[in-house]
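Everything on this sheet refers to the single structure shown next.
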Amino acid sequence: MIDRLQIEGVGMTSRRTRARLVDRLRRHGIRDERVLQAMMEVPRHLFVDEALASRAYEDTPLPIGHGQTISQPWVVARMTELLLQAGEVNRVLEVGTGCGYQTAVLSVLVNQVWSVERIGALLEQARERFRLLRLANVHLRHGDGYAGWPEEAPFDAILVAAAPEEVPPALLEQLRVGGRLVIPVGAQGGQQLMVYDRTAKGVSATTCDYVSFVPLIGGTR
Ligand code: SAH
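Just so you know, the sequence shown maps onto residues 6 to 226 in my numbering.
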């Protein structure tokens, strides 16, 4: 059983430690105060193994098992900031739930989040965390994110937390006109963070930061 104090955090997981991370993000160019506030609210230490909790507020990725990682806080902040710039953002699709941290940050900023994860064990752990934190606007699916979530499309924005070598066409199709896809694209080792904006005429692409993500892999397990 986890209690109020564990959720709030103490010492290396306290609100003060979280505030220092948020200050660092601000110094490193994150401008959207809504995003910084959301990261102030979501206890990242609950999304990693207890043995790693004391490192949860370092600006670094950490292992979450199954060969996957929780994304670096700066990357989460940057992607979320880019996503919110799409204007009216109410319905968001996330691909790659992982531990659920990015999902939780989105859930405090937008109305509804649909999130797809290919590894069943990670998804179940994330589900338990959302229950604990009472995040009722998150919908989860065990599936292959290459296909998106067609039954719930169109989305105002889509965020992909793993890197394909090329943009999955289904994800562009599931954006509303005016909607935005934020996704790392490229081979293993390093990718370009890309923004795709769907317009009435087609899709426009913008190259953003250089990033490093785990690969987007087809199928489920
Ligand atoms: N947003 C997560 C990042 C997790 S790492 C966080 O904050 O922790 C990326 C995740 O994408 C991994 O859990 C991996 O299993 C998942 N993934 C990779 N390919 C996928 C696919 N085709 N469909 C759904 N999830 C996928």
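All residues carry an ideal CB built from backbone N, CA and C; glycine is no exception.
- Taking one beta carbon from each stretch, the segment 73 to 88 and the segment 134 to 148 have fewer than 3 pairs nearer than 8 Å; the two do not touch.
- For residue 191, the closest alpha carbon among the candidates 168, 126, 119 is that of 168.
- Collapsing the DSSP output to three states places residue 52 in a helix.
- Here residue 121 really is in contact with residue 100; their C-beta atoms are around 5 Å apart, less than 8 Å.
- Within its own chain, the residues whose Cβ lies closer than 7 Å to the Cβ of residue 223, once the five positions on either side in sequence are excluded, are 149, 151, listed in chain order.
- The C-beta of residue 15 has fewer than 16 other C-beta atoms within 10 Å across all chains shown, which makes the residue exposed.
- Around the beta carbon of residue 92, fewer than 16 other beta carbons lie within 10 angstroms, which makes this residue exposed.
- In this structure, DSSP gives residue 35 a state outside helix and strand, which the three-state scheme calls coil.
- 201 is the residue among 197, 201, 102, 218 whose C-alpha sits nearest the C-alpha of residue 162.
- Secondary structure of residue 8 (DSSP, three-state): coil.
- Nearest to residue 103 by alpha-carbon distance, out of 28, 49, 194, is 49.
- Fewer than three Cβ pairs drawn from the segment 42 to 59 and the segment 177 to 188 lie within less than 8 Å of each other, which leaves the two stretches out of contact.
- Distances from the CB of residue 122 to the heavy atoms of the ligand SAH include at least one below 7 Å.
- Under the three-state reduction of DSSP output, residue 140 falls in the coil class, being neither helix nor strand.
- Burial is judged here by how many other beta carbons sit within 10 angstroms of a residue's own beta carbon; residue 131 has at least 16 and is buried.
- Residue 191 is bridged by DSSP to nothing; it lacks a bridge partner.
- Taken atom to atom, the span from the alpha-carbon of residue 106 to that of residue 47 is near 8 Å.
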